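This report refers to the structure that appears directly beneath it.
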Amino acid sequence: MGINGKMHFIIFYFTSNQKTMTYDPIFQKAQEAFFFYKNVPGKEKAAFLRKIADGIESEKTQLIPLASEESNLPEGRITGELGRTCGQIRLFANLVEEGSWVEATIDHGDPTRTPAAKPDLRRFLTPLGPVVVFGASNFPLAFSTAGGDTVSALAAGCPVLYKAHPAHPKTSTLVSSIIQKAVKDSAFPSGLFQQVEGGVETGQALVKHPMAKAVAFTGSHVGGKSLFDLANQREEPIPVFAEMGSVNPIFTFPKKLENDIVGAAKSFVGSLTLGAGQFCTNPGLIFVPKSLEKEFADAVKSELEDITAAPMLHEGIAESYYSALQYLQGRNELAWVKVAAAKDLIKGHPALAKIKSKDWLKDNKFQQEVFGAFALMVVYKSEDELLEIAQKLQGQLTVTIWAEEEELKDQLYLINLLEEKCGRMLYKGVPTGVEVGYAMHHGGPYPSTTDSRSTSVGVYSIKRFARPIALQDMPDILLPDALREGNPLKIWRMVDGEFKK
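In UniProt numbering, the protein residues as written are 1 to 501.
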């Protein structure tokens, strides 16, 4: 995924004659902004975030066609994405304004306790420091300049150094100017948000800089894993929160499929081809019982025939898609239900192949994501094979189960296995469509992400960019408002083992 930014801040271009460039000045500005911004009250942070959302909406007549032109995504899709982007910004504004997210915890001291006096201990979450955020190519708004990574870092109290995605530079520049205007109007330091432009070397330099305290990335496994490895090779390793994609398997059971095989095929194809298959949650894998193999394959093929190929984000992604299909067409284990139309310079024609579960189990390459509207239909013969599949399955963002309730009553072991392999499990519907809210978890075990404990969507994504600190016997006058005895913020806190306001 990806995007970019701009305004009263420094934009750096990294070219071959600039390899001696130092990023010290922008990190120094970010660090200075951090020591100011971390102490800004939640209500002021909330007002700042709402200024960003208002600014994006005020520029929508320019922003929507611009983002559409640069990404090849239809204006209707960009309009929805803009609404989602502003909605999640305001969600974080509400969160930091209320304030309880900091997990304030107080254990009062007891000087009379014997044999040793009990100290006064107070714990809460405090921001990490400057965060490097990488924009994504497939969401020029919602996962880019003012997307979830940037906004959750700002909400946590962290300055952002935004590495713009080259796929939509004008969109990024416009959104960045909106953010910087909100920074200026809020009387915050300009180092709170800075955009950096450049290529791979630029991104590596940002991650390696000693003042960087965390990294957020949405994109390919190769890109995310390389950043993760780089961050762990530093003298001071830092966390990398990389969302690296998933094949989002759907497990189908006989009775559920029999009851509406045409409807199931329609739902599957609609999700598979949504956005030309360029969502991290498109289902690229579906497990189908042998008894319904032909009927379901025919239904899916019929649905695919009616799909008009959509433009992909750019020619490079289209090239990668067709290269992956070419490799798979050379695998003898696959039987093709729908072969993609002739290679297109930009459009991603959908395709579907099927494979026996015993062959699928032999090679992990059949689990690799093909970024585009391609899926693999795995035909299984028994529930025992499903258990083997669940054990072999790699980490996913989502797993979907299509089954009637009576088919699930004896499947607790299978369900437990699958729960270990995903961040979100669905029992109806399709995995595309990630709700932005309080209970959403958009993450999963490796290789879908580098940290299965974190989410990149929903309010809990704020906790990626904060760490706990305990303060012992600190005078009340020095305590942060969240931990003061009188609870001036009126937030929910755990006090001596009880949640209180």
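Heads up, the beta-carbon is just placed ideally off N, CA and C, and yes, glycines get one too.
Bear in mind that the values here come from a model prediction, so they are computed numbers and not experimental data.
- By how many angstroms is the C-alpha of E103 removed from the C-alpha of A265? Position 265 of the sequence shown holds residue 265. Position 103 of the sequence shown holds residue 103. Those two C-alpha atoms are separated by around 45 Å.
- Message: I'd like the ranges of any beta strand (DSSP E) spanning at least 3 consecutive residues and lying wholly in the region 367-419.
- Response: 374-380, 396-402
- Query: Exposed or buried, which one is V434 when buried takes at least 16 other CB atoms within 10 Å?
  - Reply: The count along the sequence shown starts at 1 and reaches residue 434 at position 434. When all chains shown are included, V434 counts as buried.
- Task: Compute the Euclidean distance between the alpha carbons of I261 and P249, then round it to the nearest angstrom.
- Result: Looking up residue 261 in the sequence shown gives position 261. Looking up residue 249 in the sequence shown gives position 249. Using only the alpha carbons, I get a separation of about 17 Å.
- Cβ neighbour criterion (16 or more within 10 Å) applied to I469: Against the sequence shown, residue 469 aligns to sequence position 469. When all chains shown are included, I469 counts as exposed.
- Going by beta carbon distance, what residues of the same chain come within less than 8 Å of S220, once the five residues before and after it are set aside? One-based indexing of the sequence shown puts residue 220 at position 220. Closer than 8 Å at Cβ, skipping near neighbours: M244, G245, F371.
- Give a yes or no on whether the C-beta atoms belonging to V175 and D149 are separated by under 8 Å. Within the sequence shown, residue 175 is the residue found at index 175, counting from 1. Within the sequence shown, residue 149 is the residue found at index 149, counting from 1. The answer is no: Cβ separation not under 8 Å.
- Can you tell me whether L345 is buried or exposed, with buried defined as 16 or more other CB within 10 angstroms of its CB? By 1-based counting over the sequence shown, the position of residue 345 is 345. Result: exposed.
- Query: Where are the alpha helix (DSSP H) runs, 4 residues long or more, that stay fully inside the region 268-321, in chain order?
  - Reply: 293-305
- Item | Backbone secondary structure at residue 508 - three-state DSSP | Any property of residue 508 remains undetermined from this structure, which presents the chain solely from 1 to 501.
- Expressed to the nearest angstrom, what Euclidean distance is found between the alpha-carbon atoms of V247 and I307? To locate residue 247, count along the sequence shown from 1; it is residue 247. To locate residue 307, count along the sequence shown from 1; it is residue 307. Using only the alpha carbons, I get a separation of about 20 Å.
- Message: Could you give the first and the last residue of the continuous alpha helix (DSSP H) run that contains T61?
- Response: As a working note, residue 61 is residue 61 in the sequence shown. Looking at the DSSP string, the run of the alpha helix (DSSP H) that includes T61 is 60-71.
- Message: Quick check on the DSSP output: the alpha helix (DSSP H) that includes Q195 runs from which residue to which?
- Response: Mapped onto the sequence shown, residue 195 falls at position 195. Careful: Q195 lies outside any alpha helix (DSSP H), inside the beta strand (DSSP E) at 193-196.
- Message: What residue range does the alpha helix (DSSP H) around F35 cover?
- Response: Locating residue 35 in the sequence shown gives position 35, counting from the first residue. Element bounds for F35: 24-37.
- Task: Kindly list the residues whose CB is nearer than 6 Å to the CB of I89, restricted to its own chain and excluding five residues on each side of it in sequence; keep chain order.
- Result: As a position in the sequence shown, residue 89 is number 89, starting the count at 1. For I89, where only same-chain residues beyond five positions count, the Cβ hits under 6 Å are L49, I52, A53, V151.
- Task: Would you mind listing the beta strand (DSSP E) stretches within the region 106-184 that are 3+ residues and don't spill past its ends, in chain order?
- Result: 121-127, 131-134, 160-163
- Query: What three-state label does DSSP hand Q233 in the structure shown?
  - Reply: Counting from one through the sequence shown, the residue named residue 233 turns up at place 233. Of the three classes helix, strand and coil, the one that applies to Q233 here is coil, per DSSP.
- On the three-state DSSP scale, how would you describe V337? Counting from 1 along the sequence shown, the entry for residue 337 is found at position 337. In this structure, V337 counts as strand in the three-state DSSP scheme.
- Let me know the secondary structure DSSP gives P249 once reduced to three states. In the sequence shown, counting from the first residue as 1, residue 249 sits at position 249. Looking at P249 - three-state DSSP - the assignment turns out to be coil, as it is neither helix nor strand.
- Same chain, Cβ closer than 7 Å to K60, neighbours up to 5 away in sequence not counted: In the sequence shown, residue 60 corresponds to position 60, counting from 1. L82, listed in sequence order.
- Query: Quick one: is Q233 buried, meaning 16 or more other Cβ sit within 10 Å of its Cβ, or exposed?
  - Reply: The residue labelled residue 233 in the question sits at position 233 within the sequence shown. Its Cβ having fewer than 16 others within 10 Å, Q233 is exposed.
- C-beta contact flag for L393 and L352 at 8 Å: Within the sequence shown, the letter at position 393 stands for residue 393. Within the sequence shown, the letter at position 352 stands for residue 352. No.
- Exposed or buried, what is K256 when buried is set at 16 or more other beta-carbons lying within 10 Å of its beta-carbon? Here the question's residue 256 lines up with position 256 in the sequence shown. Classification of K256: buried, given that the 10 Å Cβ count is 16 or more.
- Using the beta-carbon count (16 or more within 10 Å), is H442 buried or exposed? Position 442 of the sequence shown, counted from the start, is the residue given in the question as residue 442. Flag for H442 reads buried.
- Item | The beta strand (DSSP E) enclosing P468, as first and last residue numbers | As a first step, residue 468 is located in the sequence shown; it is residue number 468 there, counting from the start. P468 -> beta strand (DSSP E) spans 466-472.
- Query: Does the distance from the CB of L227 to the CB of Q194 come in under 8 Å?
  - Reply: Residue 227 sits at position 227 when you count from the first residue of the sequence shown. Residue 194 sits at position 194 when you count from the first residue of the sequence shown. In this structure, Q194 does not lie closer than 8 Å to L227 by Cβ.
- Are there three or more Cβ pairs, one per stretch, closer than 8 Å when the region 356-374 is compared with the region 410-418? no
- Looking only at its own chain, which residues have a Cβ that is under 6 Å from the Cβ of L95, when we skip the five neighbours before and after it? Taking the first residue of the sequence shown as 1, we reach residue 95 at position 95. The residues are W101, V459.
- Message: Quick check: the region 384-393 against the region 311-321, are at least 3 beta-carbon pairs closer than 8 Å?
- Response: no
- With A373 and G277 assumed to form a contact (beta carbons below 8 Å), what rounded beta-carbon distance in angstroms separates them? In the sequence shown, residue 373 corresponds to position 373, counting from 1. In the sequence shown, residue 277 corresponds to position 277, counting from 1. The Cβ separation is near 3 Å, so the contact holds.
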